[in-house]
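J.:
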Amino acid sequence: MNVLEKFYSYVFKKILQTINPVKKRIMKTECIVHKFINIQSLTVLGNDGNTEAYKIMKSYISDIEAGVVWADQDLKSSNHFYNPNTNKGLYGSNDAKKECISYYTKALNEYLHGDIKNSMFYLGASCHLIQDLTVPQHANVKLLNDHKSYENWVIRAHKHYNEFKIKEGGIYFNSLENYIDFNSKEAIKIYTKYSSVENKQVRFYKITSEILTMAQATTAGLMLKFYKDIQEIKPLMT
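Those letters in the sequence shown? Residues 1 to 238, per the UniProt record's numbering, in order.
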């Protein structure tokens, strides 16, 4: 990070410190859409035949949800952007790819040391990041490009359309980086696909029908990957 970028980062975070208490009072940082995605992902995981992974994730869902909420608190949301074409996040901030890898590594380390609840907490934080990267503004790294109006629309609408829910058909990759790159690239493609739709409500609906289901499918995949990873860790704990 160069001198100018460091200065920008300092100023930007000072601004965030000023508005964050207001943001927390207004939004209460409840992450209701992220929680919705996680619950749907559990359904996908179970219906895809991953019974043992489903049982474990369901038993620790409250810890996963706590990590999901924590990931959006304070100043951390400035690190939730990543453009796969430039390999960068929001100017002056860490990028979502680095953050997600860091959280996932912490999740595995906590499990290795026997703290399963904290492990699932950091898994939840990792899930939050790959879910954010299905949102075009997070992948385009365009903070003011209808970002807040779109997120508010999804908060209001996500439970009212069956098209926004899936019950099976998870997306399963072998590496964490695959989830990050896939979601961010697809988010940009979907945004471009519907960018010419003039009616904002119709455009939001069409985008959400694809990205929200993608978030559920890839979160189910990440949960299964984590389950497989901790199976490899277990022999090291005895």
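All C-beta atoms, glycine included, are put in the ideal place defined by N, C-alpha and C.
What does the alpha-carbon distance come out to for the pair Met27 and Tyr205?
T.: At Met27, the pLDDT of 42 sits below 50, so the modelled position is not reliable; the number obtained from the coordinates is stated separately. Cα to Cα, the separation comes out at about 22 Å.
J.: Check each candidate in Leu129, Leu222 and Tyr104 and name the one with the smallest Cα separation from Ser78.
T.: The option with the nearest alpha carbon to Ser78 is Leu129.
J.: Give, in chain order, every unbroken run of the alpha helix (DSSP H) that is at least 4 residues long and sits entirely within the segment 114 to 202.
T.: Qualifying alpha helix (DSSP H) stretches, in chain order: 116 to 132, 136 to 140, 147 to 157 and 176 to 194.
J.: At 4 residues or longer, and completely inside the segment 54 to 91: list those alpha helix (DSSP H) runs for me, N to C.
T.: List check, alpha helix (DSSP H) in window: 61 to 70.
J.: Would you please state the rounded distance, in angstroms, between the beta carbons of Ala211 and Ile180? I believe it to be under 8 Å.
T.: Checking the displayed sequence, the identity of residue 211 turns out to be Ile instead of Ala. Incorrect: roughly 15 Å between the Cβ atoms, too far for contact.
J.: Round the Cβ separation of Glu44 and Gln216 to the nearest angstrom and send it over; I've been treating them as touching at under 8 Å.
T.: Before going on, a small fix: residue 44 reads as Val here, not Glu. Yes, they are in contact, since the Cβ atoms of Val44 and Gln216 sit about 6 Å apart, within 8 Å.
J.: Does the segment 32 to 40 touch the segment 83 to 96, meaning 3 or more C-beta pairs lie closer than 8 Å?
T.: Cβ pair count under 8 Å is below three, so no.
J.: Which stretch, first to last residue, makes up the alpha helix (DSSP H) that contains Asn38?
T.: From DSSP, the alpha helix (DSSP H) with Asn38 extends over Ile32 to Asn47.
J.: Between Gly170 and Gly124, how many whole angstroms is the CB-CB distance? I'm expecting something under 8 Å.
T.: 17 Å between Cβ atoms; not a contact.
J.: Between Asn152, Ala187 and Ser175, which has its C-alpha nearest Pro136's C-alpha?
T.: When only C-alpha atoms are compared, the closest one is Ala187.
J.: Report the CB separation of Phe81 from Ala96 in whole angstroms; it is logged as a contact under 8 Å.
T.: Yes, they are in contact, since the Cβ atoms of Phe81 and Ala96 sit about 6 Å apart, within 8 Å.
J.: Tell me which residues share the same chain as Ser184 and place their Cβ nearer than 6 Å to its Cβ, disregarding the 5 neighbours each side in the sequence.
T.: The residues are Tyr82, Pro84, Leu133 and Ala139.
J.: When the Cα atoms are used, what is the spatial distance from Gln40 to Ala53?
T.: Whole-angstrom Cα-Cα distance: 14 Å.
J.: So what's Ser93 in DSSP terms, helix, strand or just coil?
T.: Note: Ser93 maps to coil in three-state DSSP.
J.: Report all residues from its chain with a CB closer than 7 Å to the CB of Gly46; omit the five preceding and five following residues, and keep chain order.
T.: These residues qualify, in order along the chain: Tyr54.
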